[in-house]
Structure formats: structure tokens, C-alpha cells
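If you read the sequence shown in the working numbering, its first letter stands for residue 8, the second for the next number, and so on.
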Amino acid sequence: MTDRPLPNGAHVALCLRELRSRLGITQKDLAKDMGTTRQTVSRWETGKEPLNVEQVEGLCMALKCTRDEFLGSNSDFQEMPNNSSNTAAEVRYGTFKVKMTSGTRKYPIGEQTRASILHQLRLLSAIRSNHISRRWIHFATFNNKLALLNLRYILSVELIGDDVEAMPQYYRPEVYQALDDLDSNEVSETLQNECEIIIAEIGEEKAMRMVSCVRVTYENGEDEWNLLDNGCADTFFGLEAASFDIPQCTFAETEEEGYYRARYANLDHVAVMEVPSDRYHRLTRNRPSARRRRTMPLCGHFQPNASTG
């Protein structure tokens, strides 16, 4: 019978929200496609209302996936893909919208990231009372970014649930890793085909920047792209620390090629830094947690000389 409820409600609910979020559609949009209400979609996604076979078939069409992708090949519970980024198994929340002097950014985030951002914002009054000169907020996103924002250039922020506004598009965590490893022999044929489709859609340069380069945006909106390697990874090691104290005229190394070339950014004039999280975690995963620093991990400081008279 088509109205027979399917098993494994928790897994189906998780897959439903995951697939909808990745397509960047809201609960309201999906409800319209399914001829139902947003409240019903919400109950599906929380596991409060089971799905029948007919509804699953309709959802597979709306979400552009197969029945096996929706339910799992054996209709059994499967763990989320293991990934170095902490966002891999995080529950989806929605969009973090940041209006800055250099423009507006939108990031797809999870519930833990939302809580972290709110916590950092609540700390600002305490930070001001401690006379810290420069403060940044930082967070991980679902589209392979560790974002570091300079508070000096933030005009407003907005947290928007994905049932209100569709999240920005993002790919599965393993896709970002596959794009970065595309030249190796370790990428499966399925992932390789998926990567080739993405490259055809957005272009090879954009795809490679997305997984291998740090995007530095200055106060005037100018972008600078720097390859993330072991050398400049030191600059970003410890981004999760919540107590950055950055003196004026601090220069941070953002790219280096040994003796022959190095690039430093004046953080007084940097509005945003976006680090490809999969590559960042792979470069720093073997570093002891005890080495994580409680100040901005800089490769070089250039500060005005104090008076010695």
C-alpha cells in the first residue's frame, strides 16, 4: 500500500533536511512543490510525522535524487560522512548574513556555528572593557570556509533560519576534498564525475580557488587570492581561539614561496579572510591541540617602535 509508513524515521528526516539545504530551497518552497504546508515539511524533517512511499517518490523528484540516496541503499541508518571539518555532522541552521563596508556576505551555517557566533557577539562588551584594540569573529561554514571577519568593518549581522530563507548553495564535504585531490589516483570515479560537472558549471579557476586558496578581502572591497600551504597555514592555526588581540599595524603572512617570495597583509585594512577548511584541517590535523594559540598566530609583526627616550 502506498500509505505504509517507512522505517528509520530519524535517518529519513536527517536526509530530507540535508538534501533540501544543499539545493538551497526553503521548507516553504518544498511544501509548494509537494502540495502541502510548511508545517508538514517541518514535521517530516523533525521526524514527528512519518513519510509514506508515495511521499518519498514525490520528494525524490522535488529534491532531484534517487530513492536509494534518500533512504540509504539498505534503508538502514548510516553515519554522516567522516570529514576533518567540524561542520560535517552538524545540524543545519540556515544563513549568516553579514553586511560589511566591502559588501554583503552570506554563509550557510549549522546550529553549533550559530551558537558560537552569538557567544562571540555577547562577549564584545567585555572585550571593550578590557581595551583590546582589534577584534575578529570566526566560524566554520558548510561551503568549505573558515571565515575570519574584522569587526571594524561589520555594519550589521543577521541569522536567518533555512525555513525562512534558502541557504546559499554548498556541496557535500567529500566533494571539496575530491576537488582538491583531483590530480591524485585516490578519487573515486563517482566523485570524479561529480567534480567534472562542478568544474563545467563554475569554471576550473573558481573551483580550484574554492578548495586551495585563501581569499583576503580588504576594506575597499579588493580581493586577493593566496595559495594555502604549510607555510601560511601557521598564520591561521588557532582560528577557533576566541581571544584574538591584534595590535595596530600587524602584518600577517598570507602566502610564501620559501626564500624567493612572501606576501604579508596589513590586518588593520583586512575586512575578511576566508580559508578553505578541508585543506586547512588536513595541513594542521597533526599539530598538538596544546599548541593552539590564544593570540592571532602571526608569522611577522611590524609595529611602530615604542619610545625609548
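Glycine included, each C-beta is placed from N, C-alpha and C at the ideal position.
- Fully enclosed beta strand (DSSP E) runs of no fewer than 3 residues occupy 220-225, 230-234, 258-263, 269-273, 277-283 of the segment 209-288, in order along the chain.
- For residue 165, the CB contacts under 6 Å within the same chain, skipping 5 residues up- and downstream, are 104 in chain order.
- At a Cβ-Cβ threshold of 8 Å, residue 114 and residue 173 do not count as neighbours.
- Counting along the chain, residue 115 sits inside the beta strand (DSSP E) bounded by residues 110-117.
- Secondary structure of residue 149 (DSSP, three-state): coil.
- Judged by DSSP in its simplified three-state form, residue 163 adopts strand.
- DSSP, read as helix, strand or coil, puts residue 100 in strand.
- Here the segment 178-191 makes contact with the segment 278-295; the two share three or more CB pairs at distances below 8 Å.
- For residue 47, the uninterrupted alpha helix (DSSP H) run begins and ends at 45-52, by DSSP.
- Of the residues 158, 159, 56, 168, the one whose Cα lies closest to the Cα of residue 118 is 168.
- Residue 31 carries a coil assignment under DSSP once its states are collapsed to helix, strand and coil.
- For residue 287, the number of other beta carbons within 10 angstroms of its own is at least 16, and it is reported as buried.
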